[in-house]
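Protein chains in written order, with my numbering: chain A, 3 to 311; chain B, 3 to 311; chain C, 3 to 311; chain D, 3 to 311.
Even for Gly, the Cβ is constructed at its ideal location relative to N, Cα and C.
Quick caveat: nothing in here was measured; it's all calculated off a predicted structure.
There are 4 protein chains.
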Amino acid sequence: MPKDHSKSGTYTAPPITGHLPLATQLRHIICGPETGFLMEAHNALSARIAENAGFKALWASSLTISASMGLRDANELTWTQSLDLISGMIDAVGIPILMDADSGYGDFNIFSRFVRKAGERGVAGVCIEDKLFPKINSFAKTEQHLASVNDFCAKIRAAKDNQIHPDFMLVARTEALVVGADLEETLVRAEAYYEAGADAILVHSKSNTAHEILAFADKWSNKAPIVVVPTTYADTPTDTLTNAGVSTLIWANHSLRAAIRSMEDITARIFKQQSLNGIDADVTSIEDVFSLTDMSELIAATKRYQGHS
Amino acid sequence: MPKDHSKSGTYTAPPITGHLPLATQLRHIICGPETGFLMEAHNALSARIAENAGFKALWASSLTISASMGLRDANELTWTQSLDLISGMIDAVGIPILMDADSGYGDFNIFSRFVRKAGERGVAGVCIEDKLFPKINSFAKTEQHLASVNDFCAKIRAAKDNQIHPDFMLVARTEALVVGADLEETLVRAEAYYEAGADAILVHSKSNTAHEILAFADKWSNKAPIVVVPTTYADTPTDTLTNAGVSTLIWANHSLRAAIRSMEDITARIFKQQSLNGIDADVTSIEDVFSLTDMSELIAATKRYQGHS
Amino acid sequence: MPKDHSKSGTYTAPPITGHLPLATQLRHIICGPETGFLMEAHNALSARIAENAGFKALWASSLTISASMGLRDANELTWTQSLDLISGMIDAVGIPILMDADSGYGDFNIFSRFVRKAGERGVAGVCIEDKLFPKINSFAKTEQHLASVNDFCAKIRAAKDNQIHPDFMLVARTEALVVGADLEETLVRAEAYYEAGADAILVHSKSNTAHEILAFADKWSNKAPIVVVPTTYADTPTDTLTNAGVSTLIWANHSLRAAIRSMEDITARIFKQQSLNGIDADVTSIEDVFSLTDMSELIAATKRYQGHS
Amino acid sequence: MPKDHSKSGTYTAPPITGHLPLATQLRHIICGPETGFLMEAHNALSARIAENAGFKALWASSLTISASMGLRDANELTWTQSLDLISGMIDAVGIPILMDADSGYGDFNIFSRFVRKAGERGVAGVCIEDKLFPKINSFAKTEQHLASVNDFCAKIRAAKDNQIHPDFMLVARTEALVVGADLEETLVRAEAYYEAGADAILVHSKSNTAHEILAFADKWSNKAPIVVVPTTYADTPTDTLTNAGVSTLIWANHSLRAAIRSMEDITARIFKQQSLNGIDADVTSIEDVFSLTDMSELIAATKRYQGHS
């Protein structure tokens with residue numbers, strides 16, 4: 003599934019290794035010649051599971067992090083709460099995380115402060131969308147309001163001036179298609195965001211087919227990589243998207259959605275039968291829980307440092 | 003599955019209703035005539051799923067909360083971090099939560115402070131175990147160390163003096179059997195904890211059968227309800243435990259273990275096929291995610307307060 | 003310095019006692035017949051110092067809390083950070099705190115969530131100002147932007163619907179005079195906020211005299227108490243304000259400003275002399291630090307609970 | 003006030019500049035030939051005031067941070083709370099901070115985790131004392147309990163293995179003299195801590211004279227720099243200490259103690275006079291508050307990024 007080199011401009015990616023800084027790793031994944039795949043994670047555990055599965059980068063989703071905290075995807079968590087949660091995800095894995103930063107938590111100044119603190123905590127890149135604050139999830143059945151291009155570009159410029167690592171990725175996400183704007187406005191916005199300093203453009207669509215994405219890709223100037231989130235157009239073959247010039251795909255919420263299904267099933271079973279009869283066969287073992295959190299490392303370290311377990 | 007009234011002493015439970023304070027609800031469940039069942043929750047989402055399934059109370063497990071944060075069950079989260087996470091669980095449900103408070107986070111003074119802040123945040127009760135700080139999970143293959151009876155009773159007395167609500171539940175958990183002490187020491191400790199003010203006794207065992215629990219129940223003075231965690235002796239019929247005098251059972255980690263299994267499966271599938279082909283059928287829908295977080299309430303409130311969506 | 007009863011409407015205040023809920027105490031202070039005085043506090047220590055001095059209520063100022071954290075008064079702290087800090091202030095005193103909630107941290111939904119969490123933590127009342135988010139301090143030499151009356155009233159209505167305690171105080175602050183609007187708009191806004199449910203109106207002015215405040219008070223309908231912040235018109239005698247109908251005065255930032263002056267002096271002296279020679283005479287003693295934090299209570303509790311110190 | 007070169011071993015310090023990493027700056031100050039002076043700070047504001055006064059490094063004191071939060075110096079704040087507060091101090095200044103890490107917050111594992119997170123947040127070094135957890139302030143009139151040498155050295159070794167920056171400073175503080183142990187035990191402990199990896203030794207004394215410190219310095223092997231805290235022996239000339247071989251002095255709590263004195267004075271005055279009459283002359287101005295928090299930078303940035311103020 004080769005990425006069309008002409009689409010990613012003049013960027014020549016060096017080989018990816020685990021020893022590169024996280025921001026650099028993420029830059030290679032999104033801007034390099036190979037198609038990038040980012041798996042959703044909503045906590046440190048799901049992050050580690052995705053890393054174990056082979057993924058090279060993660061998407062820290064506001065929808066799924068909010069939902070795991072029982073909250074709507076509408077900035078009900080503050081950015082400091084989100085960053086604390088994502089810091090735990092970063093500690094748990096060795097691969098970079100692209101953080102969903104919603105509409106930037108306020109104005110350019112708050113977003114700048116956030117970008118500095120995110121870099122300090124090891125966030126490799128952030129995605130910011132061109133809606134007002136507070137945002138609401140793009141799939142919610144309610145009105146959505148776009149930010150002005152001037153206000154949004156102020157955030158992009160300020161963020162790039164405040165990034166700690168030179169390879170920190172600023173992905174600008176346009177919700178133009180989501181709010182019903184046309185292709186032309188979408189392109190104008192994407193171009194403006196690129197000129198303001200965005201490292202990649204995420205075009206979001208809630209269509210059941212990829213036609214909006216393909217139309218955008220066809221007209222896009224190719225100055226910056228295209229990132230997409232095929233949640234509603236999940237049936238579109240990945241080749242169709244990458245052949246059109248898409249650089250990176252985000253599987254945006256599926257780990258949490260898998261977890262919900264199974265938690266509902268097991269919980270209902272246990273409630274009804276008032277016992278654990280037969281449950282162990284359908285859930286992972288305690289030993290696996292220990293393995294996912296490196297319990298053996300703690301036991302070994304206790305012997306090493308304390309001289310006894 | 004009637005609870006043996008003689009086992010729960012002179013307590014006469016009024017009918018349980020959603021309008022009672024959370025601490026009172028929890029007291030009725032653990033001390034009342036019906037067998038209590040507490041389902042594990044590790045975040046607000048799993049808490050709501052358990053409430054939706056019909057559970058009347060929850061167990062906020064240190065093992066599963068730590069694991070979801072990528073950490074060992076060894077006090078790697080501070081108590082303020084744990085309480086912040088559990089506050090979100092409390093916001094998400096209308097049923098009481100018994101919080102796993104490990105070995106109490108330090109001395110009587112720290113535990114007192116914790117108990118005040120936990121009550122403020124709506125925690126209905128806490129469980130404290132008689133190990134040193136930091137504790138390590140009872141199933142970890144390493145040495146476990148019991149606290150002195152004096153130090154542990156100091157925490158119990160101080161906690162009861164500092165509870166905000168008169169029905170706040172202090173469940174004292176003895177790890178005597180886990181560290182290899184005999185039944186006699188277990189009984190001596192349980193009796194001391196009760197005398198210090200504990201509202202219930204949790205006897206923990208990592209045996210593959212319930213024989214330790216049944217032996218304890220046979221000798222127990224019945225002054226306080228018995229709570230058990232049948233993780234390793236999951237095959238024991240619930241009736242066997244309740245007929246022996248057990249008041250309340252905790253299904254301690256199964257929601258997270260279900261989630262892990264399914265996240266591993268779905269994540270591996272998506273990684274291998276590099277697409278979402280066929281995934282939607284095996285995960286819950288976005289609409290269900292919205293439903294679990296009351297997105298429709300937000301949309302309705304927007305109309306009500308703003309006059310438009 | 004009696005408060006003009008006719009100005010505070012039909013409210014009849016019961017006597018204030020320490021056993022009343024904090025929200026009720028604050029309501030009595032702002033709505034009752036006596037003039038209310040709220041002293042600024044920026045952390046738990048300054049809160050306790052103000053309580054020790056005799057104040058019956060506190061003002062948790064965004065300017066001074068932000069400044070103590072090294073930040074601009076422009077929502078650089080998130081509301082969860084602010085609430086955590088103020089929770090510590092509440093723990094330290096027995097008097098109610100009116101929390102400066104800036105422009106409400108976002109829309110009605112975020113403000114509602116904040117009001118619920120603030121009530122849970124013991125905040126007795128909040129003050130919200132009619133500016134956009136993020137706000138900037140009223141004395142900053144930059145443009146200020148008012149929120150629409152509709153958006154602001156949405157927040158007021160939602161807040162009142164979400165308050166936990168029936169006496170929780172919602173003080174609506176209009177910045178109309180600060181941004182250069184005229185008296186008429188100020189009155190229209192104040193009236194709208196009152197109709198939406200505000201319990202008191204704070205009229206802010208950055209004039210060096212009280213003429214704007216006095217003009218407002220002269221025309222105000224007297225349906226709700228008037229609160230003022232005489233930072234720039236500090237020379238105005240208190241009687242002039244209360245005789246005009248002002249109910250409550252906030253000394254908004256003077257504790258921090260005193261602290262800065264003395265910290266600058268002592269720090270410069272120590273730096274220059276490279277010793278502590280003569281310093282003890284000009285600073286409070288370690289014993290006083292212990293006294294302000296009840297160290298003796300900890301020592302006594304250690305003996306009581308542990309049986310030894 | 004030259005530092006005795008022979009006391010600081012073979013270390014040759016390069017010139018100190020603002021462009022060095024913070025950990026390196028702190029290493030130069032403590033291990034270099036010049037006497038180091040660390041000024042207490044308890045929040046970002048006092049940190050900036052100390053930097054403005056000319057100090058090259060700061061002491062983030064548990065006593066004063068706890069007291070400013072209304073808490074006893076007895077680990078009532080969790081380490082995550084302390085680190086969040088100190089992160090704000092780091093953001094506010096360009097000089098390194100030595101963080102008072104009490105007795106290490108638990109065992110070697112918790113301390114290791116803390117050291118990693120502290121490094122991530124920009125802490126330049128930490129000081130850990132050889133008492134049990136929770137610790138209590140050395141000046142509190144109660145029993146103090148020393149940790150075993152084995153447990154304490156486990157923490158030191160683990161910390162050095164987990165530091166992020168190679169110049170991160172681990173200052174080992176012995177409380178042997180404070181608990182009444184003799185000089186010999188103090189020396190044995192200091193030597194063991196140095197062998198375990200400590201970068202400097204802090205010898206604490208609560209004597210009213212420096213005789214304990216001078217006796218220690220006379221016998222010390224000089225392998226690691228000596229740090230002292232002359233709070234109780236404040237009258238001792240600095241030369242007396244440095245000539246004996248002391249490398250670094252910490253002015254440990256005087257900024258807060260200055261602030262308390264002035265806040266008590268001003269608050270009492272305002273309470274009594276029920277007005278701000280004459281207060282402005284004795285406190286710093288609002289403009290100074292703005293200056294200390296770089297308000298002008300925000301106004302300039304608004305013009306630069308937004309195109310208008």
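For residue i, which residues of its own chain have a beta-carbon under 7 Å away from its beta-carbon, when the five flanking residues on both sides are left out?
| i | result |
| --- | --- |
| D:ALA85 | Note that residue 85 of chain D is Leu in the sequence shown, not Ala. Cβ within range, chain order: LYS119, ALA120 and ARG123. |
| C:LEU22 | none |
| D:ILE228 | ILE203, VAL205, ALA219, TRP222, GLY247, VAL248 and SER249 |
| D:MET3 | The predicted model places D:MET3 with a pLDDT of 36, which falls under 50 and marks its position as unreliable, so this point remains unresolved. |
| B:HIS7 | With a pLDDT of only 34 at B:HIS7, under 50, the local geometry of the prediction cannot be trusted, and the value read off the model is given with reservation. Cβ neighbours of B:HIS7 beyond the five flanking positions: PRO35. |
| A:LYS5 | The predicted model places A:LYS5 with a pLDDT of 43, which falls under 50 and marks its position as unreliable, so this point remains unresolved. |
| B:THR295 | none |
I want to verify the contact list: residues of chain B whose CB lies under 7 Å from the CB of residue i, in sequence order.
| i | result |
| --- | --- |
| A:LYS143 | ILE301 |
| C:TYR307 | PHE110, ALA156, ARG159 and ALA160 |
Go through its chain and collect everything with a Cβ distance to residue i's Cβ below 8 Å, but skip five positions before and after it.
| i | result |
| --- | --- |
| A:ILE18 | Reliability of the predicted coordinates at A:ILE18 is poor, the pLDDT of 47 falling under 50, and the value obtained from them is presented with this limitation in mind. Cβ within range, chain order: GLN27, HIS30, ILE31, GLY34 and LYS58. |
| B:ARG306 | none |
Let's see if you can read the secondary structure: which residues bound the alpha helix (DSSP H) around residue i?
| i | result |
| --- | --- |
| B:GLU78 | No alpha helix (DSSP H) holds B:GLU78; DSSP gives it neither H nor E. |
| A:PHE218 | 213-221 |
| D:GLU177 | It is not in any alpha helix (DSSP H) - D:GLU177 carries neither H nor E in the DSSP assignment. |
| C:LEU148 | C:LEU148 -> no alpha helix (DSSP H), and no H or E assigned at all. |
| C:MET297 | 297-308 |
Pick out whichever of the options has its Cα sitting closest to the Cα of residue i.
| i | options | result |
| --- | --- | --- |
| B:GLY280 | A:PRO239, A:HIS21 and A:THR244 | A:PRO239 |
| A:SER277 | B:THR233, B:LEU294, B:ASP93 and B:ILE301 | B:THR233 |
| D:PHE141 | C:GLY309, C:GLN308 and C:SER293 | C:SER293 |
| D:ALA200 | D:ASP184, D:ALA219 and D:CYS155 | D:CYS155 |
| B:SER287 | A:LEU60, A:PHE113, A:SER207 and A:ILE262 | A:ILE262 |
| B:ALA236 | A:ILE272, A:SER207, A:ARG74 and A:LEU24 | A:ILE272 |
| D:ALA25 | D:ASN210, D:ALA270, D:ALA260 and D:GLN165 | D:GLN165 |
| C:LEU100 | C:LEU300, C:ALA62 and C:ALA183 | C:ALA62 |
For residue i, which residues in chain B fall below 8 Å Cβ to Cβ?
| i | result |
| --- | --- |
| D:PRO136 | GLY108, ASP109, ASN111 and ILE112 |
Suppose the cutoff is 6 Å on Cβ atoms and the five residues either side in sequence are ignored; what does the same chain contact list for residue i look like?
| i | result |
| --- | --- |
| A:MET265 | none |
| A:ALA192 | THR176 and ILE203 |
| C:ALA160 | PHE110 and SER114 |
| D:GLU53 | VAL95 and ILE97 |
| C:PHE135 | SER105 and GLY108 |
Quick one: list the residues of chain C neighbouring residue i, beta-carbon separation under 7 Å, in chain order.
| i | result |
| --- | --- |
| B:GLN165 | In chain order: nothing, as chain C lies at least about 15 Å away. |
Going along chain D, which residues have a C-beta under 9 Å from residue i?
| i | result |
| --- | --- |
| A:GLY124 | GLU122 |
Anything in chain C within Cβ reach of residue i, meaning under 8 Å, just list it in chain order.
| i | result |
| --- | --- |
| D:ILE51 | ILE262, MET265, GLU266 and THR269 |
Identify the continuous beta strand (DSSP E) that holds residue i and give its terminal residues.
| i | result |
| --- | --- |
| D:LEU100 | 99-102 |
| A:THR250 | 248-253 |
| A:VAL95 | Run containing A:VAL95: none; DSSP gives neither H nor E here. |
| C:ALA62 | 60-62 |
Residues of chain A with a CB under 8 Å from the CB of residue i: which are they?
| i | result |
| --- | --- |
| D:ASN152 | GLN308 and GLY309 |
| B:VAL230 | Correct list: empty, because the minimum Cβ distance to chain A is about 12 Å. |
Along chain D, in chain order, which residues have C-beta atoms closer than 8 Å to that of residue i?
| i | result |
| --- | --- |
| B:ALA103 | Neighbours of B:ALA103 on chain D: none; closest Cβ ~14 Å, over 8 Å. |
Q. On the three-pair Cβ rule with 8 Å, is the segment 42-59 of chain D touching the segment 247-259 of chain D?
A. yes
Q.
Check whether the segment 241-253 of chain D and the segment 282-292 of chain D touch, using three or more Cβ-Cβ pairs below 8 Å as the test.
A. no
Q: Examine the Cβ distances between the segment 146-160 of chain B and the segment 169-184 of chain B and report whether three or more of them are shorter than 8 Å.
A: yes
Q.
Any contact between the segment 211-222 of chain A and the segment 179-195 of chain A? By contact I mean 3 or more CB pairs, one from each, below 8 Å.
A. yes
Q: Give a yes or no on contact between the segment 128-136 of chain C and the segment 89-109 of chain C, applying the rule of three or more CB pairs nearer than 8 Å.
A: yes
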